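Chemist:
2 protein chains.
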Amino acid sequence: MDNVTLLGLGIMGSAMARNILKAGFPLTVYNRTRAKAEELAAQGARVAVSPRQAAQGADVVISMVGDDAASQAIWLGEEGALAGAPPQAVLVECSTLSPAWVRELAQRAAARGLALLDAPVLGSKDAAEAADLKILVGGDAAALERARPVLEAISREIHHMGPGGSGAVMKLVNNLIVAVQATGLAEGLTLAERAGLNMEQVASLITSSSPGSPFVKAVVPRMLARDRSQTHFALRWMRKDLTYALRLADDLGVPMPTVAIAREMYRMAGNLGLDTADLARVVDVLRQS
Amino acid sequence: MDNVTLLGLGIMGSAMARNILKAGFPLTVYNRTRAKAEELAAQGARVAVSPRQAAQGADVVISMVGDDAASQAIWLGEEGALAGAPPQAVLVECSTLSPAWVRELAQRAAARGLALLDAPVLGSKDAAEAADLKILVGGDAAALERARPVLEAISREIHHMGPGGSGAVMKLVNNLIVAVQATGLAEGLTLAERAGLNMEQVASLITSSSPGSPFVKAVVPRMLARDRSQTHFALRWMRKDLTYALRLADDLGVPMPTVAIAREMYRMAGNLGLDTADLARVVDVLRQS
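Here the protein sequences come in this chain order: B and F.
Straight run, no breaks: the first sequence in this note's numbering ends on number 289.
Straight run, no breaks: the second sequence in this note's numbering ends on number 1289.
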């Protein structure tokens, strides 16, 4: 079976690594903080000391990190994965990144004779653990076929969106629509609460009527809950996704008025100390104390 | 059976009138332009020449018109329905109006010994025709019980939200959440299109993933369609609903940044001549020509 490398062992990366091991692939992992890698070593993974070492001998190299800067740190430089990957390897960037950066990364990979797929995923922690992700792939179809057996170990659906960058664009489009659903919902719930409505009744009606998306159904209880200890999706990642979406829109001349305002709301929430809190906490910028 | 009066025979009012007739209630109708009333006369309704005449002898008087001004014209003045309604009548305002106006109307009704329910509906044309509406009721519970048999003839669910104005607030909250889902979606679809993605693939992913609310599923094809002849929900009504929601938020001191921006987008679309077009056409303010 293909030798697989996984770079970045956050909540998502760790869950993907476990499913790759379960499917029987020999797996090498690297993480900036080594403690998370040791947990996977106990389950059979080899632990590398650098992205470069991790990529050596790999058939498929997957990255799952937080943002463009983290991706650059993983792939570039003397100890980066591009320097270690053998010529036949397929590189799979699963992080949610700016299309501009993933296209540049694909060019840098191509200069070394390596194929890179941008392959961000839909679905968060639970879906990653259940190998129930949807993967949105941009890049060469032949490279996708080579990586497919590994991607099938972590996902339920693989969607080839088109040339390099298409996966990254699709992920940002999905997330900006979700992010704006969250701010509109936060405003509606706050108005209802201040107007004195019974919030259980409001929650039941909103989630069962025309605005009741899977996201809305999941987030309404988190927006209204008094217990706010759980982080399903950190607010700072949504702010980052909106920033990348707005940069792309700027490049393409697309006006995005509600996305722009929503991004400022996530920024304000972050400035209130909520960057690592659940994105539902964006509602806090609307509160009166 | 109770004598029922229905004031306002637009798309929604006409469908409700037909279901009230089907349920066997004696029905009197009034509409500003008489032609629409004549269609219902052919189905057994009595046609009145004024709201006042229509309300005479009624047990339940329902209004279904476009905005506060139209509601005021129906209820107030010498020829208005308040002047005609007998003391035992229950007045049911099903239009989507500002909570400030429905509370004033309830006070004016009470001054004449009449009970008024604010009772806007969730669901548009198809739901109205199928008697599948959800009714959101604010006002006195005893008055609701008196009106219930008639409301059951037009709806699937009746939700008593609380005191007078609660139904109006709930309807605005629902619609503002939907309105912002539409502008965020319009921005996402426009970005995807300009970035060169396959829009059938994008539509399929968005509607089947976390942002896929019943509203999103229904409106995506209308936003992408080349044939734009059908109006499911006129853009000007959404702009009006957002205006009422923003006035309420202003009264209560609730910030609604994304709603405020969305309202401006519907206003811009209206100024482009799209006021009577489907609300999906809000996407047109993002287009390049």
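Cβ coordinates follow ideal geometry from the N, Cα and C atoms, glycine included.
Quick caveat: nothing in here was measured; it's all calculated off a predicted structure.
Using a Cβ cut-off of 8 Å (strictly closer), state whether B/Ile-206 contacts chain F.
Modeler: Interface residue, yes.
Chemist: Mapping the DSSP letters down to three states, classify F/Ser-1289 as helix, strand or coil.
Modeler: Note: F/Ser-1289 maps to coil in three-state DSSP.
Chemist: Assess contact between the stretch 1200-1214 of chain F and the stretch 206-216 of chain B, defined as three or more Cβ pairs (one per stretch) separated by less than 8 Å. Is contact present?
Modeler: Because the criterion of three Cβ pairs below 8 Å is met, the stretch 1200-1214 of chain F and the stretch 206-216 of chain B touch.
Chemist: Would you decide whether B/Asn-19 is buried or exposed? Buried here means 16 or more other CB atoms lie within 10 Å of its CB.
Modeler: That one is buried.
Chemist: So, is the C-beta of F/His-1159 closer than 8 Å to a C-beta in chain B?
Modeler: Closer than 8 Å: yes.
Chemist: Which residue from F/Ser-1166, F/Ala-1110, F/Thr-1243 puts its Cα closest to that of F/Leu-1082?
Modeler: Measuring from the Cα of F/Leu-1082, the nearest candidate turns out to be F/Ala-1110.
Chemist: For F/Val-1169 versus F/Pro-1255, is the C-beta spacing smaller than 8 Å?
Modeler: The answer is no: Cβ separation not under 8 Å.
Chemist: When we look at the beta-carbon of F/Asp-1118 and count the other beta-carbons within 10 Å, is it buried (16 or more) or exposed?
Modeler: Buried, since its Cβ has 16 or more Cβ neighbours within 10 Å.
Chemist: Leaving out five residues on either side along the sequence, give the residues of the same chain with a beta carbon under 7 Å from the beta carbon of B/Leu-172.
Modeler: For B/Leu-172, where only same-chain residues beyond five positions count, the Cβ hits under 7 Å are Asp-241, Tyr-244, Ala-245, Leu-248.
Chemist: Once you ignore the five residues that flank F/Ala-1131 on each side, which residues in its own chain have a CB closer than 6 Å to its CB?
Modeler: Excluding sequence neighbours, F/Ala-1131 sits near Asn-1019, Ile-1154.
Chemist: Can you grab the Cα-Cα spacing for the pair F/Arg-1304 / F/Met-1268, in whole Å?
Modeler: Coverage of chain F is limited to positions 1001 through 1289, which leaves residue 1304 of chain F absent and any answer about it impossible.
Chemist: Considering just the uninterrupted stretch of the alpha helix (DSSP H) at F/Met-1161, what are its terminal residues?
Modeler: Element bounds for F/Met-1161: not the alpha helix (DSSP H) but the beta strand (DSSP E), 1155-1162.
Chemist: Taking only beta carbons into account, state which residues of the stretch 252-284 of chain B come closer than 9 Å to chain F, listed in chain order.
Modeler: For the stretch 252-284 of chain B, which is checked against every Cβ of chain F, the residues closer than 9 Å are Leu-252, Gly-253, Val-254, Pro-255, Met-256, Pro-257, Thr-258, Val-259, Ala-260, Ile-261, Ala-262, Glu-264, Met-265.
Chemist: Distance, Cα to Cα, B/Leu-176 vs F/Glu-1193?
Modeler: For B/Leu-176 and F/Glu-1193, the distance between alpha carbons rounds to 15 Å.
Chemist: Counting only Cβ-Cβ distances shorter than 7 Å, please list the residues of the stretch 1167-1183 of chain F near chain B, keeping chain order.
Modeler: Cβ contacts with chain B: Val-1169, Met-1170, Val-1173, Asn-1174, Leu-1176, Ile-1177, Val-1178, Val-1180, Gln-1181, Thr-1183.
Chemist: Am I right that F/Ser-1014 and F/Tyr-1030 are in contact with their C-beta atoms under 8 Å? What's the rounded C-beta distance?
Modeler: The pair is not a contact, with the Cβ atoms about 12 Å apart (cut-off 8 Å).
Chemist: List the DSSP bridge partners of F/Asp-1118.
Modeler: Per DSSP, F/Glu-1093, F/Gly-1138.
Chemist: For a test of the three-state rule: what should DSSP assign to B/Asp-278, helix, strand or coil?
Modeler: Residue state, collapsed to three classes: strand.
Chemist: Going by DSSP, what residue range makes up the alpha helix (DSSP H) through F/Val-1061?
Modeler: First-last for F/Val-1061: 1060-1063, but that is the beta strand (DSSP E), not the alpha helix (DSSP H).
Chemist: Reducing DSSP to helix, strand and coil, say where F/Val-1202 ends up.
Modeler: DSSP places F/Val-1202 in helix when its eight states are reduced to three.
Chemist: Which of the three DSSP states is assigned to B/Ala-179 in this structure?
Modeler: Here B/Ala-179 sits in helix by DSSP.
Chemist: Determine the extent of the alpha helix (DSSP H) in which F/Val-1219 is found, giving its start and end residues.
Modeler: Segment 1214-1224, the alpha helix (DSSP H) holding F/Val-1219.
Chemist: How is B/Val-49 classed by DSSP in three states: helix, strand or coil?
Modeler: If DSSP states are grouped into helix, strand and coil, B/Val-49 belongs with coil.
Chemist: Got a sec, what are the start and stop residues for the alpha helix (DSSP H) B/Val-102 sits in?
Modeler: Segment 99-111, the alpha helix (DSSP H) holding B/Val-102.
Chemist: Just tell me which of F/Gly-1044, F/Lys-1022, F/Gln-1230 has its CA closest to the CA of F/Thr-1028.
Modeler: When each option's Cα is compared against that of F/Thr-1028, the closest is F/Gly-1044.
Chemist: Going by Cα to Cα distance, which pick from F/Val-1202, F/Thr-1183, F/Glu-1264, F/Glu-1157 is closest to F/Val-1121?
Modeler: When only C-alpha atoms are compared, the closest one is F/Glu-1157.
Chemist: Can you give me the start and stop residues for the alpha helix (DSSP H) that F/Leu-1021 sits inside?
Modeler: Note, F/Leu-1021: alpha helix (DSSP H), 1011-1022.
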